[in-house]
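J.: Pasting a structure below so you can have a look.
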Amino acid sequence: MTLFEDLKWRGLIKDISSPDLEDKLNNEKLTFYIGTDPTADSMHIGHYSSFLIAKRLAKYGHKPILLIGGGTGLIGDPKPSKERQMITREEVLKNVEGLTNQAKKIFGFEVVNNYDWIKDIDTISFLRDYGKYINVNYMLSKDIINRRLESGITFCEFAYTIIQGLDFVHLNEAKGVTLQVAGSDQWGNITTGIELARKRNNTELYGMTMPLVTDSNGVKFGKTEGNALWLDKNKTSSYELYQYLINLEDSMIIEYLKKLTFLSKEEIEEIEKKHLENPHLREAHKALAREVITDLHGKEEYEKAVKISEALFGGNVKNLTKEEIEMGFKDVPSFNIDENVKLIDMLIENNVCSSKREAREFLKAGSITINGDKVYDEEMLITKDIAIEGSILVIKRGKKKNFIAKIS
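First residue of the sequence shown: 24, per the working numbering; consecutive thereafter.
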């Protein structure tokens with residue numbers, strides 16, 4: 024299977040600027056770039072799904088360059104419905120530093136910042152050297168610009184496509200870049216760069232886009248209730264990422280394996296066969312979580328995520344460290360307590376139970392556990408001796424209510 028055939032099989036090609044690109048990808052060694060604007064100091068899982076294309080092409084001998092848009096980030100790519108809120112220069116610089124370090128660590132390729140060349144272009148030079156070559160009617164035909172005409176679009180946003188186009192031209196002139204790859208929402212900006220290079224330098228450049236990875240409802244992959252899953256494990260732990268991936272909808276899981284892993288066609292087809300035969304075993308989900316987390320954070324982080332998940336599912340919290348418990352129970356109610364407090368008082372004072380009567384009923388029924396052990400004695404004193412690492416208690420009421428108590 025050629026590179027282009029593999030990309031097609033995985034569903035990673037939406038648009039290409041020229042039919043010649045197939046032969047070039049299969050038989051030449053291209054220098055290409057993919058970029059992102061620094062709207063945060065970490066990439067999220069949606070970026071990962073796009074940036075993986077750099078690794079795929081690199082495996083076939085192509086040279087990737089990752090662009091962090093320190094310059095374009097000061098302007099903002101137009102949104103479909105309204106103007107993007109601008110962020111300060113200080114925040115952009117902070118985000119650029121974070122993204123640059125992260126991109127080098129995760130992907131290991133050359134990273135450039137378009138602020139380095141955009142900052143030196145004065146207004147007259149921008150208009151004469153770049154704006155002169157792009158017709159306004161051509162810009163109005165861009166889908167994202169056209170959709171904003173009725174509600175209004177500022178000149179700042181309007182000019183964004185030319186600035187991204189000049190990135191393509193600059194990287195061609197400075198580093199021999201001939202291909203830009205991106206998500207399908209960047210097609211208009213890619214073609215502006217191709218047009219600019221053709222008119223300004225009589226040079227042919229190429230573009231390729233990938234479909235955005237979404238769920239079955241068309242929601243972008245990597246978003247849960249509007250919150251990104253960050254690639255920085257200090258923002259989104261490996262356990263949280265594991266839980267997200269392991270609970271993805273069954274109907275989309277094979278597509279995700281194709282787009283988000285380097286497993287071969289044969290390996291994925293074998294996993295798909297097992298998945299269809301026994302979907303409850305979640306073999307495909309486990310394979311996806313293993314491949315993604317190991318690639319991002321390493322084998323040790325993946326194994327830690329599995330350990331936490333299995334311990335919590337089986338109720339074996341004593342097998343976890345304090346750090347792992349805090350990771351696994353990040354979103355459950357927590358409170359601080361003093362040592363030697365009575366069990367029933369702790370339950371009432373911290374709203375684990377609403378009253379002494381209710382607490383006694385739960386205790387009598389064996390429905391209260393501490394660190395996995397059922398407790399019955401309302402007079403029992405809570406001490407560091409029964410706490411994990413002498414400081415933390417996992418309290419469970421019934422089947423689903425969990426609380427974390429930390430001994431001061």
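The beta carbon of each residue, even a glycine, is placed where N, CA and C say it ideally should be.
Every value quoted in this text rests on a predicted model; they were computed, and no experiment measured them.
(1) So, does the region 113-131 touch the region 166-175, judging by three or more C-beta pairs under 8 Å?
(2) Mark ASN163 as exposed unless 16 or more other C-beta atoms lie within 10 angstroms of its C-beta, in which case mark it buried.
(3) Whose CA, out of ALA428, LYS424, MET403 and GLY421, lies closest to the CA of ILE415?
(4) Which term fits LEU150, buried or exposed, when burial requires 16 or more other beta carbons within 10 angstroms of its beta carbon?
(5) Per DSSP, which residues does GLY175 bridge with? Please list them.
(6) Which value, in whole angstroms, describes the spacing of the CA atoms of TYR279 and MET231?
(7) Kindly indicate which residue of HIS193, GLU346, LYS327 and GLY351 has the alpha-carbon position closest to the one of GLY338.
(8) For GLU314, does the count of other Cβ atoms within 10 angstroms reach 16, so buried, or fall short, so exposed?
(9) Can you tell me the Cβ-Cβ gap for GLU254 and HIS67, rounded? I've got them flagged as a contact below 8 Å.
(10) Helix, strand or coil, according to DSSP, for ILE39 in the structure here?
(11) If I follow the unbroken alpha helix (DSSP H) through LEU283, where does it start and stop?
(12) To the nearest angstrom, report how far apart PRO302 and LEU268 are at their CA atoms.
(13) List the DSSP bridge partners of TYR56.
(14) Quick check: the Cα distance between TYR153 and TYR161, rounded to an integer number of angstroms?
(15) What does the alpha-carbon distance come out to for the pair LEU90 and GLN187?
(16) Given TYR83, which residues of its chain have a CB within under 6 Å of its CB, disregarding the five upstream and five downstream residues?
(17) Among residues of its own chain, excluding the 5 on either side of ASP273, which ones have a beta-carbon nearer than 6 Å to its beta-carbon?
(18) On the criterion of 16 or more Cβ atoms from any shown chain inside 10 Å, does THR177 qualify as buried, or is it exposed?
(19) For LEU233, count neighbouring C-beta atoms within 10 Å of its own C-beta (all shown protein chains included) and say buried if the count is 16 or more, exposed if not.
(20) Reducing DSSP to helix, strand and coil, say where ARG223 ends up.
(21) Apart from the five residues just before and just after ASP400, which ones in its own chain have a Cβ nearer than 8 Å to its Cβ?
(22) Nearest-angstrom Cα distance between GLU180 and GLN108?
(23) Considering only their Cβ atoms, is the gap separating PRO356 from ASN425 smaller than 9 Å?
(24) For HIS193, I'd like the list of residues in its chain whose CB is within less than 7 Å of its CB, leaving aside the five on either flank, ordered along the chain.
(25) With DSSP collapsed to three states, give me the class of ALA310.
(26) Where in the region 85-148 do unbroken runs of the alpha helix (DSSP H), each at least 4 residues long, occur, reported from the N-terminal end onward?
(27) For the beta strand (DSSP E) containing PHE191, list its first residue and its last residue.
T.: A quick look at the data gives this:
(1) No, they do not touch.
(2) Checking the sequence shown, residue 163 turns out to be Leu, not Asn. LEU163 comes out exposed.
(3) If you compare the alpha carbons of ALA428, LYS424, MET403 and GLY421 with that of ILE415, the shortest gap goes to ALA428.
(4) A residue is called buried when at least 16 other Cβ atoms come within 10 angstroms of its Cβ; LEU150 does not meet this threshold and is exposed.
(5) Partner(s): none; GLY175 has no beta bridge.
(6) About 20 Å.
(7) Measuring from the Cα of GLY338, the nearest candidate turns out to be GLY351.
(8) Per the 10 Å Cβ criterion, buried.
(9) For clarity, residue 254 is Leu in the given sequence; the question names Glu instead. Between LEU254 and HIS67 a beta carbon distance of about 6 Å is seen, short of the 8 Å cut, so the two are scored as contacting.
(10) ILE39 falls in the strand class under three-state DSSP.
(11) LEU283 -> alpha helix (DSSP H) spans 276-283.
(12) Cα to Cα, the separation comes out at about 15 Å.
(13) Partner(s): ILE88 and GLN203.
(14) Distance between the alpha carbons of TYR153 and TYR161 is about 14 Å.
(15) When only Cα atoms are considered, LEU90 and GLN187 end up about 11 Å apart.
(16) If we look at TYR83 and ignore the five residues flanking it on each side, its Cβ neighbours are LEU26.
(17) Within the same chain, ASP273 has close Cβ partners PRO302.
(18) Burial call: exposed.
(19) The sequence as given places Met at residue 233; Leu does not occur at that position. Classification for MET233: buried.
(20) ARG223: helix per DSSP, three-state reduction.
(21) Same-chain partners within the cutoff: LEU366 and LEU386.
(22) Each residue's Cα considered, the two are about 11 Å apart.
(23) Less than 9 Å separates the beta-carbon of ASN425 from that of PRO356.
(24) For HIS193, where only same-chain residues beyond five positions count, the Cβ hits under 7 Å are TRP140.
(25) The three-state secondary structure of ALA310, taken from DSSP, is helix.
(26) Runs of the alpha helix (DSSP H) inside the region 85-148: 112-129 and 138-141.
(27) Per DSSP, PHE191 belongs to no beta strand (DSSP E); it is in the alpha helix (DSSP H), 183-198.
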